[in-house]
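Novice: Residue numbers (my numbering): 5 to 124.
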Amino acid sequence: MEHRCSARYTADIKILIYRYDIPVAIGRIKNGTRYGLYIESDLADVKPLQQLGIEVLVYRSAQKLQRYRFDSIVMHTTDHGFGVELDALGEDAGNQLAEMLRASPETPQESELFDMVASA
Numbered sequence: 005m006e007h008r009c010s011a012r013y014t015a016d017i018k019i020l021i022y023r024y025d026i027p028v029a030i031g032r033i034k035n036g037t038r039y040g041l042y043i044e045s046d047l048a049d050v051k052p053l054q055q056l057g058i059e060v061l062v063y064r065s066a067q068k069l070q071r072y073r074f075d076s077i078v079m080h081t082t083d084h085g086f087g088v089e090l091d092a093l094g095e096d097a098g099n100q101l102a103e104m105l106r107a108s109p110e111t112p113q114e115s116e117l118f119d120m121v122a123s124a
């Protein structure tokens, strides 16, 4: 039985996934806390203890896109995604992430995310 110190928030937030500071895939945060996330993605060759960057892109107003970047370490993998622990989040960044998970803000369309990965 799992013992968590904090409740997970269910979400559906589109993200960019980075490997070695290069965007390599898109995914969706399906649930998480300020300490860790479960990400659904088709990214292949993800292994425990691998370091990945996670970037959440959120529309704060009609045309203003705001970016939040987090470093993470893969803790476990499944057939449909992987769980990550967030690496050394400060208090402000942790609060912002928790608020995003609760609010499930509007994120770019998948085609826009694919364009961002392709142009990197």
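Positions of the beta carbon are idealized from the N, C-alpha and C atoms, including for glycine.
Being a predicted model, the structure only gives us computed values, none of them experimental.
Grouping DSSP H, G and I as helix and E and B as strand, with all else coil, what is residue 100?
Specialist: Numbered from its first residue, the sequence shown carries residue 100 at position 96. Looking at residue 100 - three-state DSSP - the assignment turns out to be helix.
Novice: By Cβ distance below 6 Å, which residues in the same chain neighbour residue 14 in space, the five residues on each side in sequence not counted?
Specialist: Working through the sequence shown from its first residue, we reach residue 14 at position 10. Correct list, in chain order: 35.
Novice: If you draw a straight line from the C-alpha of residue 38 to the C-alpha of residue 102, how long is it?
Specialist: Start at 1 with the first residue of the sequence shown, and residue 38 comes out as number 34. Start at 1 with the first residue of the sequence shown, and residue 102 comes out as number 98. Taking the straight line from one Cα to the other gives about 5 Å.
Novice: Just checking my contact of residue 76 with residue 105 at CB under 8 Å: how many whole Å lie between their CB atoms?
Specialist: Along the sequence shown, one-based indexing puts residue 76 at 72. Along the sequence shown, one-based indexing puts residue 105 at 101. The pair is not a contact, with the Cβ atoms about 14 Å apart (cut-off 8 Å).
Novice: Any idea if residue 45 is buried or exposed, counting beta-carbon neighbours within 10 angstroms, 16 or more meaning buried?
Specialist: In the sequence shown, residue 45 corresponds to position 41, counting from 1. With 16 or more Cβ atoms within 10 Å of its Cβ, residue 45 is classed as buried.
Novice: Whole angstroms is fine: what's the gap from residue 22's alpha carbon to residue 11's?
Specialist: Translated into the one-based positions of the sequence shown, residue 22 becomes position 18. Translated into the one-based positions of the sequence shown, residue 11 becomes position 7. Rounded to whole angstroms, residue 22 to residue 11 spans 26 Å at the Cα level.
Novice: Rounded to the nearest angstrom, how far is the Cβ of residue 33 from that of residue 43, given a contact under 8 Å?
Specialist: Along the sequence shown, read from residue 1 onward, the residue named residue 33 stands at position 29. Along the sequence shown, read from residue 1 onward, the residue named residue 43 stands at position 39. The Cβ separation is near 6 Å, so the contact holds.
Novice: Could you give the residue range of the beta strand (DSSP E) that holds residue 72?
Specialist: The count along the sequence shown starts at 1 and reaches residue 72 at position 68. Element bounds for residue 72: 69-81.
Novice: Identify which residue in 78, 62, 28 and 51 has its Cα closest to the Cα of residue 41.
Specialist: As a working mapping, residue 41 is identified with position 37 in the sequence shown. That would be 78, whose Cα lies nearest to the Cα of residue 41.
Novice: Sorted by chain position, which residues of the same chain lie with C-beta nearer than 8 Å to residue 25's C-beta, five sequence neighbours on each side aside?
Specialist: Numbered from 1 along the sequence shown, position 21 holds the residue referred to as residue 25. Contacts found: 57.
Novice: Should residue 61 and residue 111 be called a contact, given that it needs their Cβ atoms to be closer than 8 Å?
Specialist: Here residue 61 refers to the residue found at position 57 when the sequence shown is read from its first residue. Here residue 111 refers to the residue found at position 107 when the sequence shown is read from its first residue. Contact flag set, yes.
Novice: Here's the rule: buried if 16 or more other CB atoms are within 10 angstroms of the residue's CB, otherwise exposed. What is residue 20?
Specialist: As a position in the sequence shown, residue 20 is number 16, starting the count at 1. Buried, by the Cβ-count rule.
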